Each structure stands twice: as structure tokens, then as C-alpha cells.
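In the UniProt record's numbering, the protein residues as written are 1 to 222.
We put the CB at the ideal spot given by N, CA and C, even for glycine.
What you are looking at is a predicted structure, and each value in this text was computed from that prediction instead of being measured.
Presented below is the structure to which this report refers.
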């Protein structure tokens, strides 16, 4: 998906310091390391705003709330807040099977030799903690809320796989498919404004991609 000036439809909030976007599934945040021709969000925003600063990232296949800074001071403050764990983030996941009980997963993560893939590693892995809460439970899949207590790459995806409930659609940690979108969506983010310090919280409902799956498999689930 390539955004044009209509990307403004995805802007949730903006002021002189920050832009909050509802990122579509399937769009890179920053330049691909291997293919420079793939469109990415930072470049699209730079064409519109001029200088723009990446504060945090979502995987290409993940949709949902994403923050960019418009100046160095806002960027410095927000990066520090993320590093200190002061920014709250919540995700909605559609996972394989019946996910019936709340659980906090504390399994360390490390990268594998295979490009872009991570695994549980008790020897060299870094601390990773995620809490999961069932929202809707169905026979084929479940809707689950995830709260990150650390911010490792692929943390939610690897922890769900380790629990026996990989994302319902995940080409890397579930069945290999051509569709690279993930059933993972950042639906809530809470932070202090970088200039005035006012607490701000943004929340979005499921993307249409995930809502279609929810409607198909979980519409009558509890």
C-alpha cells in the first residue's frame, strides 16, 4: 500500500510537535535494509512535513497507532520516555485456537541465524515480558489483548508462539503464506506530551482487515 496526500485520513492527532497515525497493515515504517525500492512511511511523511523523526516502530505487517516527532526536542523526550517504559501501549491480537486464560509470559528473546526471526533463548536472550488477556474465545481463533512490559523485536509474536497460540495470520511464526499482514494491531497508546507534559491517550478500534476475521470467526463468541 502506498500512501499519497490522502494519508491524512490516517492521522489521528497532530500538533506542532508530534503526529499520531493509524498505520495500515503492510506498510514499512523505515527503509528496508535489503530492498531500497519498497515504500516506507517515514519517507512518505517527509515528503509532506519535511523533517520527521521516528520515535518507535511497528512491524511491516502490524497495524495501529504510531508516533512521529516533528522536531529534535520532541524526539529526544519521547525516545527517553519509551526507553524508561513510561509510554503505555496495548495491542489486540487474533491468535490461533482457544485462548481462555490470562497469562504473563516471561521468556527471554534472541535473534536466530535465519533473517529476521527470533526465538526463546535462556542463555543469550534478553528479558522480555508480555501480559495477555482473552477478549473473545472461539474454536478456531481468539481475540486477545496484549500489554508489553518490555519492547523486544517480535516479542508478542514469539511469546504467543511459545504459548501455543501464534498469531492467526503470521507468515514467519505460523503458516507461510503470501499475505504478509499480521493479525496484530496497536489499539492504544498513552504518553506525556513532549512540550507541555499533558497526559494524552489515543485509542482505535480494530482495523478492517482484522475486523473481517473477527466477524467471520468470533462474531458469536464470548
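Option nearest residue i by Cα separation, candidates the options
{"i": "residue 144", "options": "35, 63, 98 and 52", "result": "98"}
{"i": "residue 214", "options": "136, 23 and 33", "result": "136"}
{"i": "residue 63", "options": "94, 88, 159 and 44", "result": "94"}
{"i": "residue 160", "options": "110, 149, 174 and 150", "result": "174"}
{"i": "residue 52", "options": "86, 17, 219 and 198", "result": "17"}
{"i": "residue 216", "options": "65, 164 and 141", "result": "141"}
{"i": "residue 199", "options": "190, 207, 205 and 206", "result": "190"}
{"i": "residue 24", "options": "220, 219, 208 and 212", "result": "208"}
{"i": "residue 108", "options": "154, 139, 38 and 78", "result": "154"}
{"i": "residue 120", "options": "158, 201 and 26", "result": "158"}
{"i": "residue 29", "options": "67, 132 and 172", "result": "67"}
{"i": "residue 238", "options": "218, 134 and 192", "result": "The chain is shown from 1 up to 222; residue 238 falls before or after that span and cannot be answered."}
{"i": "residue 133", "options": "124, 91, 162 and 106", "result": "91"}
{"i": "residue 100", "options": "42, 65 and 139", "result": "139"}
{"i": "residue 82", "options": "203, 148, 220 and 9", "result": "148"}
{"i": "residue 152", "options": "106, 218, 195 and 36", "result": "106"}
{"i": "residue 182", "options": "150, 84, 127 and 156", "result": "156"}
Residue-chain proximity (residue i, chain B), Cβ-Cβ < 7 Å
{"i": "residue 60", "result": "This model lacks chain B altogether; it includes just one protein chain."}
Counted within 10 angstroms of its Cβ, other Cβ atoms place residue i as buried (16 or more) or exposed
{"i": "residue 229", "result": "The question about residue 229 has no answer, for the chain in this structure spans 1 to 222."}
{"i": "residue 22", "result": "buried"}
{"i": "residue 122", "result": "exposed"}
{"i": "residue 177", "result": "exposed"}
{"i": "residue 187", "result": "buried"}
{"i": "residue 185", "result": "buried"}
{"i": "residue 130", "result": "buried"}
{"i": "residue 166", "result": "buried"}
{"i": "residue 117", "result": "exposed"}
{"i": "residue 210", "result": "buried"}
{"i": "residue 230", "result": "In the structure displayed, the chain extends from 1 to 222; residue 230 sits before or after that span and is not available."}
{"i": "residue 170", "result": "buried"}
{"i": "residue 59", "result": "buried"}
{"i": "residue 38", "result": "exposed"}
Terminal residues of the alpha helix (DSSP H) in which residue i lies
{"i": "residue 83", "result": "72 to 83"}
{"i": "residue 217", "result": "208 to 217"}
For residue i, three-class secondary structure by DSSP
{"i": "residue 19", "result": "strand"}
{"i": "residue 46", "result": "helix"}
{"i": "residue 3", "result": "Reliability of the predicted coordinates at residue 3 is poor, the pLDDT of 47 falling under 50, and the value obtained from them is presented with this limitation in mind. Coil at residue 3, not helix or strand."}
{"i": "residue 27", "result": "coil"}
{"i": "residue 172", "result": "coil"}
{"i": "residue 163", "result": "coil"}
{"i": "residue 55", "result": "coil"}
{"i": "residue 41", "result": "helix"}
Segment limits, beta strand (DSSP E) that includes residue i
{"i": "residue 66", "result": "63 to 69"}
{"i": "residue 11", "result": "11 to 14"}
{"i": "residue 184", "result": "184 to 192"}
- Message: Quick check on the DSSP output: what are the complete beta strand (DSSP E) runs of length 3 or more inside the segment 83 to 158, in order along the chain?
- Response: Complete beta strand (DSSP E) runs here, min 3: 88 to 96, 103 to 106, 109 to 111, 118 to 120, 129 to 137 and 141 to 148.
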